[in-house]
Structures are given as C-alpha cells and as structure tokens.
Amino acid sequence: MGSVQSALDILVHSSNTLFIRFGAVMVLALHAGFAFLEVGTIRQKNQVNALSKILSDLRLPQEEEYYGANLSIHQIGAVSQD
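With the first letter of the sequence shown counted as 1, position 46 gets the number 46 in this note's numbering; the numbers rise by one all the way through.
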C-alpha cells in the first residue's frame with residue numbers, strides 16, 4: 001500500500017508542477033499578444049518605446065521575485081552568508 005501512495009504522491013506533485021509551468025507559459029504568451037496588440041495600434045515611431053515598456057514590465061517582477069526569494073533565504077539562515 002505504501003508504494004501505491006508514494007506513486008500517487010509523485011503523480012500529484014508532477015501534475016501540479018506541469019500545471020504551474022503551463023500557466024507561466026500562458027502568461028508569457030499573453031504578454032506577447034498584448035505587445036503585438038499595442039504595437040499595432042500606435043504609430044511606427046513609437047513602437048520601440050512601447051516594446052521597451054512591455055519588456056520592462058515583464059522583467060521587473062522577475063527581478064523582484066529573484067531578489068526577494070534570495071533575501072528571504074538569507075534571512076531565515078538557510079544559506080550561509082560567508
């Protein structure tokens with residue numbers, strides 16, 4: 001019975017990971033779609049400014065997540081700060 005339970009736990013964990021990764025891919029696809037929508041509705045001379053704004057909107061939360069997670073790991077002492 002224990003092997004069935006461990007196999008079920010692995011299946012649940014794997015499906016949860018797949019769902020989260022699929023959601024992340026969908027968010028990136030939405031960013032690309034909104035970028036094309038915004039670039040298509042503005043004048044050509046402003047397209048570079050719009051794309052740089054969209055890329056910065058995508059990059060800043062990723063940096064906050066990385067540095068925030070890195071900071072919290074150091075605060076709880078899970079990683080030595082030597």
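All C-beta atoms in this analysis are idealised placements derived from N, C-alpha and C, irrespective of residue type, glycine included.
In this text, all values refer to a predicted model and were calculated from it rather than measured experimentally.
Using a C-beta cut-off of 8 Å, the region 26 to 36 makes no contact with the region 5 to 16, since fewer than three inter-stretch Cβ pairs fall below that distance. Residue state for R43 is assigned as coil, using DSSP reduced to three classes.
Taking the C-beta atoms as reference points, I42 is found nearer than 9 Å to A50. With a contact defined as Cβ atoms closer than 8 Å, E65 and I54 miss out at about 18 Å.
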